[in-house]
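Converting from the sequence shown to the numbering used here requires adding 3 to each position, the first position being numbered 1. We put the beta carbon where it would ideally sit given N, CA and C, even for glycine. Model, not experiment: these values are computed from the prediction. Below: the structure, in structure tokens.
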Amino acid sequence: MSHSGGTERQSLQFGFSSKKVRILTKRHRQMSKKIIINNLAVNYYERAGADGAPTLLFLHGWRSAGAVWQKLTEKLPNYNIYAPDFPGFGQSEAPKKNFTVGDYAGLVDGFIKKLGLNKVNIIGHSFGGRVAIKLAAKNPFYLDKLILADSAGVRQFSFSLMLKKIVAKTVSPIFQLKITQGARRIIYQKLSADDYLAAPDRRQTFLNIINEDLTPLLGKIKAPTLLIWGGDDKETPLNQARVMERSVPGSKLVVLKNAGHYGFLDQPEEFVKNLIDFINEK
Numbered sequence: 004m005s006h007s008g009g010t011e012r013q014s015l016q017f018g019f020s021s022k023k024v025r026i027l028t029k030r031h032r033q034m035s036k037k038i039i040i041n042n043l044a045v046n047y048y049e050r051a052g053a054d055g056a057p058t059l060l061f062l063h064g065w066r067s068a069g070a071v072w073q074k075l076t077e078k079l080p081n082y083n084i085y086a087p088d089f090p091g092f093g094q095s096e097a098p099k100k101n102f103t104v105g106d107y108a109g110l111v112d113g114f115i116k117k118l119g120l121n122k123v124n125i126i127g128h129s130f131g132g133r134v135a136i137k138l139a140a141k142n143p144f145y146l147d148k149l150i151l152a153d154s155a156g157v158r159q160f161s162f163s164l165m166l167k168k169i170v171a172k173t174v175s176p177i178f179q180l181k182i183t184q185g186a187r188r189i190i191y192q193k194l195s196a197d198d199y200l201a202a203p204d205r206r207q208t209f210l211n212i213i214n215e216d217l218t219p220l221l222g223k224i225k226a227p228t229l230l231i232w233g234g235d236d237k238e239t240p241l242n243q244a245r246v247m248e249r250s251v252p253g254s255k256l257v258v259l260k261n262a263g264h265y266g267f268l269d270q271p272e273e274f275v276k277n278l279i280d281f282i283n284e285k
């Protein structure tokens, strides 16, 4: 597995800090805006592209933020870019109730409508893919194309999933233990929880999300759909991509070599090439 983008990825996942990521996050914050959606202050990154250029809306994964897309969007200078922080992540206000996937999807729907966006191409990574599936299954008028990147949403019957649920209920003691930063990182890796490990204040929301199987919704999606997956993804393995490919009518699967769960960081050039080719298809 490639480690391109590893510093950025580890910093976002494990709370580590590095000069590179601090600069990235600071730059993102300087270019960000705020909007009120469903009584929540939502932070988002916006960048205007060329006149008449396609609109791309990027949805980040769990324990991440819109800033995670910064490096990738720099490779898309001619496109209209939007990358919100989900409520409770990044610079967005935390929700006052336990959210479901439907709540997050409703917020994205409100975001798109309030900004008056049309012909939107939605790119959802991991948890962001869950939200995108929930939204796309309703076939909203503004959706042009759907891109699911190492997306979650297909039910996993596995020891790993059971372990994640247990950790979601008991994560606070893990953080309270006097263990080294390196040991804590190993715990995360062994639990395969880099995108899913629940923040202590969002445990019930986390459980709401991973307990919902979105497989029955896949067949309802009518928008042209690209599935782009890291061949070495251990979080949402390739077999889940195959389920989505069979279930979403007319969908296309692209597998990135030497890439894991964060394929857009591991292989950004290949990711962008496939994204642009798909967006430009008539």
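Closest Cα partner of Y107 within the set T228, F92, E238, R50: F92
Under 7 Å between C-beta atoms of R133 and G109: no
Whole-angstrom distance between Q73 and L27, CA atom to CA atom: Caution is warranted here: a pLDDT of 47 is assigned to L27, below 50, making its placement in the model unreliable, and the coordinate value is therefore given only provisionally. Looking at the two C-alpha atoms, the distance is approximately 7 Å.
Straight-line Cα distance separating I231 from K181: Bear in mind that the predicted position of K181 carries a pLDDT of just 43, short of 50, making it unreliable; the figure below should be weighed with that in mind. Distance between the alpha carbons of K181 and I231 is about 39 Å.
Cβ pair N41, G113 closer than 7 Å: yes
The alpha helix (DSSP H) enclosing D88, as first and last residue numbers: Careful: D88 lies outside any alpha helix (DSSP H) and carries neither H nor E.
Cα-Cα separation, A244 to R66: 22 Å
E273 - containing alpha helix (DSSP H), residue span: 271-283
Residues of its chain near N121, where Cβ-Cβ distance is below 7 Å and the 5 sequence neighbours each way are ignored: Y145
Presumed contact (8 Å Cβ cut-off) between V111 and L149, rounded CB distance: Not confirmed; about 12 Å, so no contact.
With 16 other Cβ atoms within 10 Å as the buried cut-off, status of N242: exposed
Assigned exposure category for G119 - 16 Cβ within 10 Å defines buried: exposed
Through-space distance from E272 to D141, alpha-carbon basis: Reading off the sequence, residue 141 comes out as Lys, not Asp. Roughly 32 Å separates the two Cα atoms.
Bounding residues of the alpha helix (DSSP H) (the contiguous stretch that carries E248): 241-250
Coarse secondary structure for T103, derived from DSSP in three states: coil
Candidates P252, L210, V45, E284: closest to K117 by CA position: V45
Neighbourhood of G253 by C-beta distance below 8 Å, restricted to the same chain and skipping five residues each side: P227, T228
CB contact flag (G234, V251, <7 Å): no
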